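Novice: Quick one: structure below, then a few questions.
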Amino acid sequence: MNTKTKPNKSFLIIGILALLWNIMGLFQFIMAAFMQDTMLETYGETYTPQQMELFLNTFYFLGDVPNDLVGFTFFIGTMAMMAASVFFFLSLNAVDAKWRNSILVSGLITFIAAVHYNYMRDVDPGDTTFFRYVDWILTVPLMCVEFYLILKVAGATKSMMWKLIFWSTVMLVTGFFGEFNDGSALGLGPAMWGLLSGAAYFYIAYMVWFGEVKKVAVSAGGAVLKAHNTLAWFVLVGWAIYPLGYMLGTEGWYSGLQDLVSLDMNVVYNIGDAVNKIGFGLVVYNLAVSK
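Take the sequence shown: its letters are residues -16 to 274, numbered as in my numbering.
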């Protein structure tokens, strides 16, 4: 029995509105970051500073103009992940019933991230660590659950799922200790905490590339295996962005990297979150509509 239904027209309308919102955000950032001084020189004698500020804020309905790269990536990250959440939630009735939990989890991942991003973008960049890890401790294990949900049809066990959740939690907790309070917890230092976090990350990568997760995916074959392989690439390449952000924000044997890469670690994390969380969901969605 086919349990799919046609998606509502509001699905397309909301998607278009979300796209327009992000375009306006991009335009606003360009105006604020690159044209503000020129506009003030040109029109400063005609309009008051209050009028100029009102104009620059016209398209930014949720707060002040993000005139720096960190603020801009927070804004785009918030809107992109909120738009993705709407997309996934409205897609629930457009896929077969067996994939609805996977789509629901995809929507929860991006929605939780969007809520945290909406809060973090108004916080001082140096104070985002705690809130970012609260976001990750909720969303990263859910990303691991996605492996279980898509492979459940091929016999994936809850034991496998809990292993992924456990090691993802170890990865995040040790990473938090390395970034919080200069990594001084238990006297290990950020480099050692980073090493422990990296070890947990590589074990997860091993499980999805060569371990029991991969074996279940191979037994499933077809579109499920293809989706698994794509998610595995997200883990290997997409998740590798986070160690880079970690090294840019902490001190250790890798400190010279900060002289080579001038990006703020928040920019790296923001880009990584948007790409990985939305990307994970889109892979699952593509699998759901193809089966």
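We put the CB at the ideal spot given by N, CA and C, even for glycine. Keep in mind the model is a prediction, meaning the values are calculated, not measured.
(1) Could you tell me which of 225, 242, 197 sits nearest to residue 133, measuring between CA atoms?
(2) Are residue 95 and residue 121 closer than 7 Å when you measure CB to CB?
(3) Please state the DSSP three-state secondary structure of residue 222.
(4) Around the C-beta of residue 88, are 16 or more other C-beta atoms found within 10 angstroms, so that it is buried, or is it exposed?
(5) With C-beta atoms as the reference, is residue 200 less than 7 Å away from residue 60?
(6) Mapping DSSP to helix, strand and coil, what is residue 140?
(7) So residue 255 packs on residue 67, CB below 8 Å; how close in whole Å?
(8) Whole angstroms is fine: what's the gap from residue 233's alpha carbon to residue 203's?
(9) Let's test the definition: count the other Cβ atoms within 10 Å of the Cβ of residue 112 and tell me whether it reaches 16, buried, or not, exposed.
(10) Quick one: what does DSSP say residue 234 is sitting in, helix, strand or coil?
(11) Excluding the five sequence neighbours on either side, which residues of its own chain have a C-beta within less than 8 Å of the C-beta of residue 250, listed in chain order?
(12) Counting pairs of Cβ atoms below 8 Å between the region 137 to 144 and the region 217 to 225, do you hit three or more?
(13) Starting from the C-beta of residue 215, find all residues in its chain whose C-beta is less than 6 Å away, skip the five residues before and the five after it, and write them out in chain order.
(14) Can you tell me the Cβ-Cβ gap for residue 207 and residue 137, rounded? I've got them flagged as a contact below 8 Å.
(15) Measuring only the C-alpha atoms, how far is residue 106 from residue 183?
(16) Please state if the CB of residue 100 and the CB of residue 150 are separated by a distance shorter than 7 Å.
(17) Return yes when the Cβ of residue 248 is within less than 7 Å of the Cβ of residue 235, no when it is not.
(18) Grab me the residues of residue 181's own chain with a C-beta within less than 7 Å of its C-beta, minus the 5 sequence neighbours each way, in chain order.
(19) For chain B, check one thing: does any of its Cβ atoms lie closer than 7 Å to the Cβ of residue 149?
(20) Looking only at C-alpha atoms, which of 148, 167, 157 sits nearest to residue 177?
(21) I'd like to know whether the C-beta atoms of residue 270 and residue 210 end up nearer to each other than 7 Å.
(22) Assign residue 305 to one of three DSSP states: helix, strand, or coil.
(23) Since I believe residue 114 is in contact with residue 93 (beta carbons under 8 Å), could you give me their beta-carbon distance rounded to a whole number of angstroms?
(24) So, are the CB atoms of residue 86 and residue 98 less than 7 Å apart?
(25) Any idea what DSSP makes of residue 125, helix, strand or coil?
(26) Taking just the CA atoms, how far does residue 212 sit from residue 205?
(27) Hey, how far is the Cα of residue 246 from the Cα of residue 231?
(28) What separation, rounded to the nearest whole angstrom, lies between the Cα atoms of residue 175 and residue 155?
Specialist: From the atom records:
(1) Residue 133 sits at position 150 when you count from the first residue of the sequence shown. Out of 225, 242, 197, 197 has the C-alpha closest to the C-alpha of residue 133.
(2) Reading the sequence shown from its first residue, position 112 is the one you call residue 95. Reading the sequence shown from its first residue, position 138 is the one you call residue 121. For residue 95 and residue 121, yes; Cβs fall inside 7 Å.
(3) Position 239 of the sequence shown, counting from 1, holds the residue named residue 222. Looking at residue 222 - three-state DSSP - the assignment turns out to be coil, as it is neither helix nor strand.
(4) In the sequence shown, the residue the question calls residue 88 occupies position 105. By the neighbour-count rule (16 or more Cβ atoms within 10 Å), residue 88 is buried.
(5) As a first step, residue 200 is located in the sequence shown; it is residue number 217 there, counting from the start. As a first step, residue 60 is located in the sequence shown; it is residue number 77 there, counting from the start. Not a contact, by the Cβ cut-off of 7 Å.
(6) Start at 1 with the first residue of the sequence shown, and residue 140 comes out as number 157. Of the three classes helix, strand and coil, the one that applies to residue 140 here is coil, per DSSP.
(7) By one-based count along the sequence shown, residue 255 stands at place 272. By one-based count along the sequence shown, residue 67 stands at place 84. 15 Å between Cβ atoms; not a contact.
(8) To locate residue 233, count along the sequence shown from 1; it is residue 250. To locate residue 203, count along the sequence shown from 1; it is residue 220. About 42 Å.
(9) In the sequence shown, counting from the first residue as 1, residue 112 sits at position 129. Per the 10 Å Cβ criterion, buried.
(10) For the purposes of this step, residue 234 is identified with residue 251 of the sequence shown, where counting begins at 1. Correct three-state label for residue 234: coil.
(11) Working through the sequence shown from its first residue, we reach residue 250 at position 267. Excluding positions up to five away in sequence, the list reads 52, 53, 56.
(12) no
(13) Working through the sequence shown from its first residue, we reach residue 215 at position 232. The answer, listed in chain order, is 191, 192.
(14) Here the question's residue 207 lines up with position 224 in the sequence shown. Here the question's residue 137 lines up with position 154 in the sequence shown. Rounded, the Cβ-Cβ distance is 6 Å, consistent with contact.
(15) Mapped onto the sequence shown, residue 106 falls at position 123. Mapped onto the sequence shown, residue 183 falls at position 200. When rounded, the distance between both Cα atoms is 30 Å.
(16) Start at 1 with the first residue of the sequence shown, and residue 150 comes out as number 167. Start at 1 with the first residue of the sequence shown, and residue 100 comes out as number 117. Result no, Cβ atoms of residue 150 and residue 100 do not sit closer than 7 Å.
(17) For the purposes of this step, residue 235 is taken as the residue at position 252 of the sequence shown. For the purposes of this step, residue 248 is taken as the residue at position 265 of the sequence shown. Going by C-beta atoms, residue 235 is not nearer than 7 Å to residue 248.
(18) Counting from 1 along the sequence shown, the entry for residue 181 is found at position 198. Answer for residue 181: 226, listed in chain order.
(19) Of the protein chains in the structure, only one exists, and it is not chain B.
(20) Looking up residue 177 in the sequence shown gives position 194. It is 157.
(21) As a working note, residue 270 is residue 287 in the sequence shown. As a working note, residue 210 is residue 227 in the sequence shown. Yes; because the gap between Cβ atoms is below 7 Å, this pair is in contact.
(22) What the structure shows of the chain is the stretch from -16 to 274, and residue 305 is not part of that stretch, so it cannot be assessed.
(23) As a working mapping, residue 93 is identified with position 110 in the sequence shown. As a working mapping, residue 114 is identified with position 131 in the sequence shown. Not confirmed; about 17 Å, so no contact.
(24) Here residue 86 refers to the residue found at position 103 when the sequence shown is read from its first residue. Here residue 98 refers to the residue found at position 115 when the sequence shown is read from its first residue. Against a cut-off of 7 Å, the Cβ pair of residue 98 and residue 86 comes out as no contact.
(25) Walking along the sequence shown from the start, residue 125 turns up at place 142. Residue state, collapsed to three classes: helix.
(26) On the sequence shown, residue 205 is found 222 positions in, with the first residue counted as 1. On the sequence shown, residue 212 is found 229 positions in, with the first residue counted as 1. Roughly 11 Å between the two C-alpha positions.
(27) As a first step, residue 246 is located in the sequence shown; it is residue number 263 there, counting from the start. As a first step, residue 231 is located in the sequence shown; it is residue number 248 there, counting from the start. C-alpha separation (whole angstroms): 8 Å.
(28) Numbered from its first residue, the sequence shown carries residue 175 at position 192. Numbered from its first residue, the sequence shown carries residue 155 at position 172. Going from the Cα of residue 175 to the Cα of residue 155 covers about 14 Å.
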